[in-house]
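Quick note on the numbering used here: the sequence shown kicks off at 660 and runs consecutively.
The structure appears right after this line, and notes come after that.
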Amino acid sequence: MSSSFMGRDVISILDFKRDELEKLFELSDKARRLVNRKLRILEGKVVSLAFFEPSTRTRMSFEVAAKKLGADVVGFSSEESVSVAKGENFADTVRMLDSYSDLIVVRHRLEGAAKFASEIALNPVINGGDGRQHHPTQAMIDLYTVRELFGGIDGLTYAVVGDLRYGRAATSFIYALTLFKPSKIYLASPPILVARPEVTSLLKSRGIDFEELSRLDEVVGEVDVMYVTRVQRERFPDPSEYEKARGAYRITLKLLEKAKRSLKILHPLPKVDEIELQVDSSRHAAYFLQASLGVPVRMALLAMILGGEL
Ligand code: NCD
Numbered sequence: 660m661s662s663s664f665m666g667r668d669v670i671s672i673l674d675f676k677r678d679e680l681e682k683l684f685e686l687s688d689k690a691r692r693l694v695n696r697k698l699r700i701l702e703g704k705v706v707s708l709a710f711f712e713p714s715t716r717t718r719m720s721f722e723v724a725a726k727k728l729g730a731d732v733v734g735f736s737s738e739e740s741v742s743v744a745k746g747e748n749f750a751d752t753v754r755m756l757d758s759y760s761d762l763i764v765v766r767h768r769l770e771g772a773a774k775f776a777s778e779i780a781l782n783p784v785i786n787g788g789d790g791r792q793h794h795p796t797q798a799m800i801d802l803y804t805v806r807e808l809f810g811g812i813d814g815l816t817y818a819v820v821g822d823l824r825y826g827r828a829a830t831s832f833i834y835a836l837t838l839f840k841p842s843k844i845y846l847a848s849p850p851i852l853v854a855r856p857e858v859t860s861l862l863k864s865r866g867i868d869f870e871e872l873s874r875l876d877e878v879v880g881e882v883d884v885m886y887v888t889r890v891q892r893e894r895f896p897d898p899s900e901y902e903k904a905r906g907a908y909r910i911t912l913k914l915l916e917k918a919k920r921s922l923k924i925l926h927p928l929p930k931v932d933e934i935e936l937q938v939d940s941s942r943h944a945a946y947f948l949q950a951s952l953g954v955p956v957r958m959a960l961l962a963m964i965l966g967g968e969l
């Protein structure tokens with residue numbers, strides 16, 4: 660089973676091939692059927708959650724996923740609560756966790772932190788988000804949600820909306836789509852939050868049809884999947900830039916009047932005010948389903964990496 664995942668680090672979604680993700684999705688289907696059971700396939704294993712930056716869903720769903728597989732979980736959810744607050748460096752913290760556990764999930768505000776951790780740790784490292792760069796497991800959940808809603812990922816029109824400059828979830832989602840065959844990707848953002856050049860050059864080099872826009876109104880009727888993200892306030896080097904960007908876009912019921920009935924809205928959460936509250940109860944909202952799929956997808960991933968048969 661799934662030998663290419665055994666013992667593997669998960670740093671970027673671009674490290675994966677389409678067929679590997681398809682295998683992960685099949686196993687996630689299986690994990691969903693088992694989700695109400697307490698399994699013992701990772702009994703005796705310890706998973707470390709090293710969250711140097713805030714998190715609700717990623718940390719908790721990894722914890723729930725690991726526990727449902729029978730693993731023990733240790734970890735922390737802020738720098739203040741560990742010896743980093745006493746000046747211990749990141750490398751020493753990673754070395755300790757590596758010696759206490761079989762796998763480390765790392766979240767950090769700095770780009771490259773998870774990659775660096777993977778070079779120090781002997782055991783596998785999963786990137787739970789590094790600065791604005793990568794959030795590979797979020798992208799896995801996002802694609803799995805699209806597959807669940809539409810029966811597949813290819814041939815659909817996507818709009819990725821919001822903070823494409825600092826948003827790692829949006830960036831990873833776009834990267835993930837390059838492994839499939841989207842019909843078109845609209846990148847909709849205020850001008851100061853456009854996608855970074857490395858993202859648009861990848862789309863170009865992979866021959867993906869994409870278009871950058873600052874408003875969605877004119878294309879909303881074409882879109883099948885709208886992936887909305889919040890403005891990443893904490894990543895702005897200059898607070899006055901954040902003030903210019905906030906409130907620059909908002910998904911409202913009025914905008915959605917022009918949408919296909921089948922349009923689905925995804926959001927990695929947390930959302931702030933970029934989606935009007937009434938949209939939550941509309942036929943289009945799929946972000947709570949998306950969040951709930953975090954547990955089975957992470958169960959499948961942990962099982963594949965740590966070698967347990969689901
Ligand atoms: C995202 C993150 O931390 O990058 N959240 C998540 O993991 N679901 C998105 C965000 O914070 O906006």
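Just so you know, even glycine gets a beta-carbon here, dropped at the ideal spot from N, CA and C.
These numbers were taken from a predicted model, which means no experiment stands behind them.
Chain-order list of residues whose beta-carbon lies under 7 Å from that of Val879 (same chain, five-residue window excluded) = Position 220 of the sequence shown holds residue 879. Annotation for Val879: Leu914, Lys917, Ala918 place their beta carbon closer than 7 Å to its own, counting only its chain and skipping 5 residues before and after.
Return the CA-CA distance between Thr715 and Val890, expressed in angstroms with no decimal places.
-> The sequence position of residue 715 within the sequence shown is 56, counting from 1. The sequence position of residue 890 within the sequence shown is 231, counting from 1. So the alpha carbons of these two residues sit roughly 17 Å apart.
Give a single yes or no on whether Pro850 has its beta carbon closer than 7 Å to a heavy atom of the ligand NCD.
-> Within the sequence shown, the letter at position 191 stands for residue 850. Pro850: no, Cβ never under 7 Å from the ligand NCD.
Check whether the Cβ atoms of Ser899 and Ser873 lie closer than 8 Å to each other.
-> Position 240 of the sequence shown, counted from the first residue, corresponds to residue 899. Position 214 of the sequence shown, counted from the first residue, corresponds to residue 873. Against a cut-off of 8 Å, the Cβ pair of Ser873 and Ser899 comes out as no contact.
Other residues of its chain near Met660: CB distance less than 6 Å, five sequence neighbours each side excluded | Taking the first residue of the sequence shown as position 1, residue 660 is located at position 1. Note on Met660: pLDDT 49, under 50, position unreliable in the model; the coordinate value appears next. Within the same chain, Met660 has no close Cβ partners at all.
Would you identify the three-state DSSP class for Phe664, choosing helix, strand or coil?
-> As a first step, residue 664 must be located in the sequence shown, where it is residue number 5. In the three-state scheme derived from DSSP, where H, G and I count as helix and E and B as strand, Phe664 is classed as helix.
Specify the secondary structure class of Ala907 as computed by DSSP and reduced to three states.
-> Along the sequence shown, one-based indexing puts residue 907 at 248. Reduced to three states, the DSSP call for Ala907 is coil.
Pick out whichever of Lys689, Ala962, Gly826 has its Cα sitting closest to the Cα of Gly790.
-> Along the sequence shown, read from residue 1 onward, the residue named residue 790 stands at position 131. Restricting attention to Lys689, Ala962, Gly826, the CA atom closest to the CA of Gly790 is found in Gly826.
Any chance the CB of Arg894 is under 7 Å from a heavy atom of the ligand NCD?
-> Indexing the sequence shown from 1 puts residue 894 at position 235. Distances between the C-beta of Arg894 and the heavy atoms of the ligand NCD are all 7 Å or more.
What do you get for Met963, buried or exposed, if any count of 16 or more other CB atoms within 10 angstroms of its CB means buried?
-> As a first step, residue 963 is located in the sequence shown; it is residue number 304 there, counting from the start. Buried, by the Cβ-count rule.
Rounded to whole angstroms, how far is the Cβ of Glu681 from the Cβ of Ser663, which I believe are closer than 8 Å?
-> The count along the sequence shown starts at 1 and reaches residue 681 at position 22. The count along the sequence shown starts at 1 and reaches residue 663 at position 4. Not a contact, Cβ separation roughly 12 Å.
Ends of the beta strand (DSSP E) at Ile670?
-> Along the sequence shown, one-based indexing puts residue 670 at 11. Per DSSP, Ile670 lies in no beta strand (DSSP E) segment and is marked neither H nor E.
Rounded straight-line distance, which links the Cα of His793 to that of Arg718 | Mapped onto the sequence shown, residue 718 falls at position 59. Mapped onto the sequence shown, residue 793 falls at position 134. For Arg718 and His793, the distance between alpha carbons rounds to 16 Å.
Would Tyr817 be called buried (16 or more neighbouring beta carbons within 10 Å of its own) or exposed?
-> Here residue 817 is taken as the residue at index 158 of the sequence shown, counted from 1. With 16 or more other Cβ atoms within 10 Å, it is buried.
Between Lys726, Val764, Arg691, Glu722, which lies nearest to Asp668 when the distance is taken from Cα to Cα?
-> As a position in the sequence shown, residue 668 is number 9, starting the count at 1. Comparing Cα-Cα distances from Asp668 to each of Lys726, Val764, Arg691, Glu722, the minimum goes to Val764.
Would DSSP call Leu769 helix, strand or coil?
-> Position 110 of the sequence shown, counted from the first residue, corresponds to residue 769. DSSP places Leu769 in coil when its eight states are reduced to three.
Limits of the unbroken alpha helix (DSSP H) element including Ala828 | Along the sequence shown, read from residue 1 onward, the residue named residue 828 stands at position 169. That run of the alpha helix (DSSP H) goes 827 to 836.
Indicate, with yes or no, if the ligand NCD has a heavy atom lying under 7 Å from the CB of Ser714.
-> Residue numbering aside, residue 714 sits at position 55 when the sequence shown is read from its first letter. In terms of side-chain proximity, the C-beta atom of Ser714 is found nearer than 7 Å to a non-hydrogen atom of the ligand NCD.
Same chain, Cβ closer than 8 Å to Asp932, neighbours up to 5 away in sequence not counted | Numbered from its first residue, the sequence shown carries residue 932 at position 273. The answer, listed in chain order, is Gly906, Arg909.
Drop a sphere of 10 angstroms on the beta-carbon of Pro713, count the other beta-carbons inside from all chains shown, and report buried for 16 or more, exposed for fewer.
-> Here residue 713 is taken as the residue at index 54 of the sequence shown, counted from 1. With fewer than 16 Cβ atoms within 10 Å of its Cβ, Pro713 is classed as exposed.
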